[in-house]
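See structure below.
2 protein chains.
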Amino acid sequence: MPKRADLSDTFCPVGRSAELLGDRAVLLILRELFFGRRRFEVMAQNTGLGPQLVSARLKLLVEEEVVERRAYQERPPRHEYWLTDKGKGLFEVLYAMRNWAERWAYAPGETGEGPAIRYIHRACGADVGMATICPGCGAELGYGDLKGEPSPMLQAEQVARATN
Amino acid sequence: MPKRADLSDTFCPVGRSAELLGDRAVLLILRELFFGRRRFEVMAQNTGLGPQLVSARLKLLVEEEVVERRAYQERPPRHEYWLTDKGKGLFEVLYAMRNWAERWAYAPGETGEGPAIRYIHRACGADVGMATICPGCGAELGYGDLKGEPSPMLQAEQVARATN
DNA sequence: TCTTGTCACTATGATTATCATAGTTACTAT
DNA sequence: ATAGTAACTATGATAATCATAGTGACAAGA
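The listed protein sequences correspond, in order, to chains A and B.
Under full-length UniProt numbering, the residues of the first sequence are numbered 1 to 164, in order.
Under full-length UniProt numbering, the residues of the second sequence are numbered 1 to 164, in order.
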């Protein structure tokens, strides 16, 4: 492609978000980070993206202050990637994407019983379904409050990806 | 690029959404549709995207049943694009993107007073701020319930785009 | 009738992002 | 000394995107 048109100076807020989020690799990496995966190799593995892409996007995310690069050991030098507050603020976006897909992106019966990934409120143990406010305790849901429980079919897929 | 890896058969719901939404052009076109813009030329103008891209993405969105193509006159043949229910379901995603950007994507004072686009609940006239439940009447907010009021600075930008 | 204008696109060629694959760096462990 | 691991970088082929120009089907005015 030619240099893509830069709309980062657009005044429209959706346009600004789109500049960052309108990229498959960014979205997949953010998914990994929200699931608590912080290592380069793990993210590359789970997303199926090549290492140059993962590298380039993490660099971008660090630049945008959505992600922070932290050394977790000195020798050999090893790094992890953590969401900043700005990054954690994207929880609602990813959660809305998840809810939309659970509702619209699966063929009937494709997920077996219930959703592809069941979300459990850590604080009270309730299955939150697709709510933004916990049906068990009434708390508002945000970053780190939920634990994902993949359906048996999704677990099988993850195992298959890890072992090939 | 080579043919990009197809993850549409991924079991993960965020991955499935990312397949469609991880594309700047798709996001911008959806923004136009949510603002009630249904004409090809208007969308191309407002997004700054070339006509082939707009054409290709609208085709994709129609295929995915997110958008419906409707003739609004026979001679000469003219068409408009409308969101389907599946498309309207993306309201929460775009709304979350907007809220995130209003919070994080502007320099202090860049929007003047208040947000770049103020959202008003049509039913009761209240400024909803960034809420998902109307602070004026308590109703849950969804597709078509809100009216956007661009800040003076954003209006100026739109006028500039239309007249060059 | 001839020209101009509008809407919704399609065609062409240059540029560049992405992919698959392989290689590198800096170590630790055996 | 060899193998292994984490986090990358390098290379070449392919394809998506951009800018620009052109097309088809008609309406309206000179």
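Built from N, CA and C at the ideal position, the CB exists for glycine as well.
Note that the coordinates shown come from a computational prediction; the quantities given were computed from them, not determined experimentally.
I'd like to know whether the C-beta atoms of residue i and residue j end up nearer to each other than 8 Å.
| i | j | result |
| --- | --- | --- |
| residue 33(A) | residue 81(A) | yes |
| residue 144(B) | residue 117(B) | no |
| residue 66(A) | residue 87(A) | yes |
| residue 100(A) | residue 92(B) | yes |
| residue 89(A) | residue 78(B) | no |
| residue 132(A) | residue 132(B) | yes |
| residue 146(A) | residue 128(A) | yes |
| residue 68(B) | residue 84(B) | yes |
Quick check on the burial criterion: 16 or more other C-beta atoms within 10 angstroms. Buried or exposed for residue i?
| i | result |
| --- | --- |
| residue 121(A) | buried |
| residue 142(A) | exposed |
| residue 125(B) | exposed |
| residue 12(A) | buried |
| residue 55(A) | exposed |
| residue 134(A) | buried |
| residue 29(B) | buried |
| residue 119(B) | buried |
| residue 97(A) | buried |
| residue 16(B) | buried |
| residue 138(A) | exposed |
| residue 95(B) | buried |
| residue 31(A) | buried |
| residue 164(B) | Note on residue 164(B): pLDDT 48, under 50, position unreliable in the model; no value is reported. |
| residue 2(A) | Residue placement at residue 2(A) cannot be trusted, given a pLDDT of 49 that sits under 50; the coordinates are not used to answer. |
Put residue i into one of helix, strand or coil per three-state DSSP.
| i | result |
| --- | --- |
| residue 2(A) | Confidence at residue 2(A) is low in this model, with a pLDDT of 49, below 50, so its placement is unreliable and the value that follows should be read with caution. Three-state result, residue 2(A): coil. |
| residue 112(A) | coil |
| residue 165(B) | Here chain B has residues from 1 to 164 only, and residue 165(B) is not among them. |
| residue 148(B) | strand |
| residue 164(B) | For residue 164(B), the pLDDT reaches just 48, beneath the cut-off of 50, and the residue's location in the model is therefore unreliable, although a value from the coordinates is still provided. In the structure shown, residue 164(B) sits in coil (DSSP, three-state: anything other than H, G, I, E or B). |
| residue 102(A) | helix |
| residue 141(A) | coil |
| residue 49(A) | coil |
| residue 118(A) | strand |
| residue 80(B) | strand |
| residue 90(A) | coil |
Considering only heavy atoms of the ligand PLP, does any lie closer than 7 Å to the CB of residue i?
| i | result |
| --- | --- |
| residue 151(B) | In the structure on display, the ligand PLP does not appear, and there are no ligands present to speak of. |
**Asked** the segment 15-31 of chain A: which residues have C-beta closer than 9 Å to a C-beta of chain B, in chain order?
**Response** 15, 16, 17, 18, 19, 20, 21, 22, 23, 24, 25, 26, 27, 28, 30, 31: these are the residues of the segment 15-31 of chain A whose beta carbon lies less than 9 Å from some beta carbon of chain B, given in chain order.
**Asked** For the segment 91-103 of chain A, which residues have a CB atom closer than 8 Å to at least one CB atom of chain B, in sequence order?
**Response** 92, 93, 94, 95, 96, 97, 98, 99, 100, 101, 102, 103
**Item:** Cβ contact (3+ pairs, closer than 8 Å) linking the segment 50-64 of chain A and the segment 108-117 of chain A
**Value:** no
**Message:** So, does the segment 10-21 of chain B touch the segment 22-40 of chain A, judging by three or more C-beta pairs under 8 Å?
**Reply:** yes
**Message:** Along the segment 105-134 of chain B, where does the CB come closer than 7 Å to a CB of chain A? Name the residues.
**Reply:** 105, 116, 117, 132
**Message:** Short of 7 Å Cβ to Cβ, which residues in the segment 45-79 of chain B face chain A?
**Reply:** 48
**Message:** To be precise: take each residue of the segment 32-43 of chain B, compare its Cβ to all Cβ atoms of chain A, and keep it if any distance is under 7 Å. Which residues remain?
**Reply:** none
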